[in-house]
Amino acid sequence: MSDHPDGPAPYGEGTRAVRAGLPEPVKNEPPLPGPVFAAHFHLPGDVSGPYTYGRDTNPTWTLLERAIGELEAPGRQGREGVDDVETVVFASGMAAVSAVLLSQARTGDTVVLPDDGYQALPLVREQLEAYGIHVRTAPTGEDAQLEVLDGARLLWIETPSNPGLDVCDVRRLVEAAHAGGTLVAVDNTLATPLGQRPLELGADFSVASGTKGLTGHGDLLLGYVVCRDAELAAGIRRWRKIIGAIPGPMEAWLAHRSLATLQLRAQRQWGNALAVAQALADRPEVTGVRYPGLPSDPSHKTAARQMSGFGSVVSFTLPDRAHAERFMAALRLVEDATSFGGVRSTAERRRRWGGDAVPEGFIRFSAGAEDPRDLVADVLRALDSAGSGA
Ligand SMILES: *Cc1c(COP(=O)(O)O)cnc(C)c1O
């Protein structure tokens, strides 16, 4: 932690999670100060000090930003408790994604996106193109984005990709991109900072939705950008100021409170995801099971090199739409809902949204923190029920 004389102390991830971003203890004050609800702060005379107006800064954000910075870049805490990474929190993951893409690219620039990424990326692409920015796309798998990097201003990576769960080699892409003067941003939503740390893999930005596994209770939306370069960070902060996509103090505080259990949730949920993936792999009616933690998965080798955990999301395909709908309806412990990473398992037939290029029977499944035996039993029972047409 920040008060260790030689820089970062060798604390484990659970210890870091429960202490992330906490201020120095103050007698008679709570360990995690409550949310500060303020549109403006007392500001006599000249404009100075950290807190002036609520669209620019808020003490509740400050603590959350410190916490996320500590998790995304644990080896990067400066000596006197001063982070040498900068974190900027946003109202949602998309606010954070758009902040990077729209603040960094100018008319005439080229941006490289994945063609199998989050379903709102095609909308961002349209907006970039409307501003005269060239967009190239390539799949996440097999590092295919390497082929279209030439002369780009920014490379956007999403690994593991949502919902296909392909993985690319971040270091390899970063090396190629930096050699050509291209900035690299990684969407770290699926892995969370416990599963993957893009800045350590060389990326310029780690960007994520805090709505999913980071906060894990399905009760708030949040996003963040972490980077090392002060000038890049200033551009992101400026973007937040002019767009105003700021998180509410209540959401920021709830998110910070949730971080304390991040490691506990992640351990249970990632274990459950693996158990579900293994159970699915044994079923004849299930095809295309994808989970980067399965040793047989095409993503596993690369994932194991750059990730310390493989996330809570498993994807697979049932024979057709009707079969998938019967499966969804038969589940008792798994909510039919979009989003992922929460403590209660969720799943959905992804094609109902129309966007992703996936089969009609494709299910995106997010393992929660239920007892593994109960969860696997529920999935197997729902498969049996869907298979019998009941
Ligand atoms: C959900 C998600 C986002 C967007 O986050 P919101 O908080 O819903 O705005 C971005 N990237 C990925 C990979 C996501 O899963």
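Counting from 1, position 175 in the sequence shown corresponds to residue 176 in my numbering; the numbering is continuous, with no gaps.
We put the beta carbon where it would ideally sit given N, CA and C, even for glycine.
Owing to the predicted nature of the structure, the values given are computational and were not obtained by experimental measurement.
Checklist entry - DSSP state of Phe328, grouped into three classes? => result Judged by DSSP in its simplified three-state form, Phe328 adopts helix.
Next on the checklist: Per the DSSP calculation, Ala348 is bridged to which residue(s)?
Outcome noted: Residue pairing from DSSP places Ala348 in a beta bridge opposite Asp337, Phe366.
Item to check | 3 or more residues per run - each beta strand (DSSP E) lying fully within the stretch 34 to 115 | outcome: DSSP runs (the beta strand (DSSP E)) wholly in the stretch 34 to 115: 87 to 91, 111 to 115.
Item to check | Of the residues Arg382, Gln264, Ala177, the one placed nearest Ala204, counting alpha carbons only | outcome: If you compare the alpha carbons of Arg382, Gln264, Ala177 with that of Ala204, the shortest gap goes to Ala177.
Item to check | C-beta atoms of Trp62 and Ala358 nearer than 7 Å | outcome: Cβ distance not < 7 Å, so Trp62 and Ala358 don't count as in contact.
Checklist entry - Is it right to say Leu195 is buried, meaning 16 or more other beta carbons lie within 10 angstroms of its own, or is it exposed? => result The residue in question, Leu195, is buried, as its Cβ has 16 or more Cβ neighbours within 10 Å.
Next on the checklist: In this structure, how does DSSP classify Gly219 when only helix, strand and coil are distinguished?
Outcome noted: Looking at Gly219 - three-state DSSP - the assignment turns out to be coil, as it is neither helix nor strand.
Next on the checklist: Going by the DSSP bridge assignment, what does Glu187 pair with across the sheet?
Outcome noted: The sequence shown places Val at residue 187, not Glu. Its beta-bridge partners are Ile158, Ser207.
Checklist entry - CB-CB under 6 Å to Ala153, same chain, minus the five flanking residues each way: which ones, in chain order? => result Within the same chain, Thr111, Val113, Thr183 come within 6 Å of Ala153 by CB-CB distance, once the 5 residues on both sides are set aside.
Next on the checklist: Can you give me the C-alpha to C-alpha distance between Val136 and Arg173, rounded to a whole angstrom?
Outcome noted: Here the alpha carbons of Arg173 and Val136 stand approximately 21 Å from one another.
Next on the checklist: Can you look up Arg266 in the DSSP assignment and give me helix, strand or coil?
Outcome noted: In the three-state scheme derived from DSSP, where H, G and I count as helix and E and B as strand, Arg266 is classed as helix.
Next on the checklist: Please tell me whether, using a cut-off of 6 Å, the distance from the CB of Tyr12 to the nearest non-hydrogen atom of ligand 1 is below it.
Outcome noted: No; taking the cut-off as 6 Å, the Cβ of Tyr12 has no heavy atom of ligand 1 nearer than that.
Item to check | Sequence-distant residues of its chain with Cβ nearer than 8 Å to Pro123 (five each side left out) | outcome: Answer for Pro123: Gly356, listed in chain order.
Checklist entry - Taking Cβ to Cβ, would you say Gly224 is nearer than 7 Å to Ala96? => result If you check the CB distance, Gly224 and Ala96 come in under 7 Å.
Checklist entry - Beta carbon of Ala348, beta carbon of Phe363: below 7 Å? => result Ala348 places its beta carbon 7 Å or farther from that of Phe363.
Item to check | First through last residue of the beta strand (DSSP E) which encompasses Ser316 | outcome: Looking at the DSSP string, the run of the beta strand (DSSP E) that includes Ser316 is 314 to 318.
Item to check | As assigned by DSSP and simplified to three states, the class of Thr212 | outcome: Thr212: coil per DSSP, three-state reduction.
Checklist entry - If you draw a straight line from the alpha carbon of Gly312 to that of Pro115, how long is it in whole angstroms? => result Gly312 and Pro115 have their C-alpha atoms roughly 20 Å apart.
Checklist entry - Can you tell me where the alpha helix (DSSP H) with Arg374 in it begins and where it stops? => result Counting along the chain, the alpha helix (DSSP H) containing Arg374 begins and ends at 373 to 388.
Checklist entry - Who does Tyr225 pair with in a DSSP beta bridge? => result According to DSSP, Tyr225 bridges with Val90, Ala209.
Item to check | Minimum C-alpha distance to Glu336 - residue among Ala368, Phe317, Ala323, Arg353 | outcome: From the listed residues Ala368, Phe317, Ala323, Arg353, the smallest Cα separation to Glu336 is found for Ala368.
Checklist entry - Bridge partners of Val136, per DSSP? => result By DSSP's assignment, Val136 forms a beta bridge with Val112.
Checklist entry - Whose CA, out of Ala256, His41, Asp144, lies closest to the CA of Asp170? => result Nearest of Ala256, His41, Asp144 to Asp170, Cα basis: Asp144.
Item to check | Spatial distance of Met329 from Val187 (CA atoms) | outcome: Whole-angstrom Cα-Cα distance: 32 Å.
Checklist entry - In whole angstroms, what separates the C-alpha of Val83 from that of Leu103? => result For Val83, the predicted model reports a pLDDT of 44, less than 50, meaning its position is unreliable; a value from the coordinates is still stated below. Val83 and Leu103: Cα-Cα distance of roughly 28 Å.
Checklist entry - Taking all protein chains shown into account, do 16 or more other C-beta atoms lie within 10 angstroms of the C-beta of Asn189, making it buried, or fewer, making it exposed? => result Buried: at least 16 other Cβ atoms inside 10 Å.
Checklist entry - Can you tell me where the alpha helix (DSSP H) with Arg172 in it begins and where it stops? => result The continuous alpha helix (DSSP H) containing Arg172 extends over residues 171 to 180.
Checklist entry - How would you call Leu332, buried or exposed, if buried means at least 16 neighbouring beta carbons within 10 angstroms? => result Leu332 counts as buried, since no fewer than 16 other beta carbons sit within 10 angstroms of its beta carbon.
Item to check | Contact set for Pro34: own chain, Cβ-Cβ below 8 Å, skip 5 residues either direction | outcome: Same-chain partners within the cutoff: Pro24, Pro60, Thr61, Leu64.
Checklist entry - Could you give the residue range of the alpha helix (DSSP H) that holds Arg241? => result From DSSP, the alpha helix (DSSP H) with Arg241 extends over 231 to 244.
Checklist entry - Can you name, in chain order, every residue of its own chain whose Cβ lies under 7 Å from the Cβ of Val37, other than the five neighbours on each side? => result Only residues of its own chain outside the window of five on either side were considered, and among them Asn59, Pro60, Thr61, Pro250 have a CB closer than 7 Å to the CB of Val37, listed in chain order.
Next on the checklist: Could you pull the DSSP bridge partners for Arg291 from this structure?
Outcome noted: Secondary-structure assignment with DSSP links Arg291 through a beta bridge to Ser316.
Checklist entry - Straight-line CA distance for Leu191 to Ser49? => result Rounded to whole angstroms, Leu191 to Ser49 spans 39 Å at the Cα level.
Checklist entry - Does the Cβ of Met95 lie closer than 6 Å to at least one heavy atom of ligand 1? => result Flag set: Cβ of Met95 near ligand 1.
Checklist entry - Are Pro248 and Ala100 close, meaning C-beta to C-beta below 7 Å? => result Against a cut-off of 7 Å, the Cβ pair of Ala100 and Pro248 comes out as no contact.
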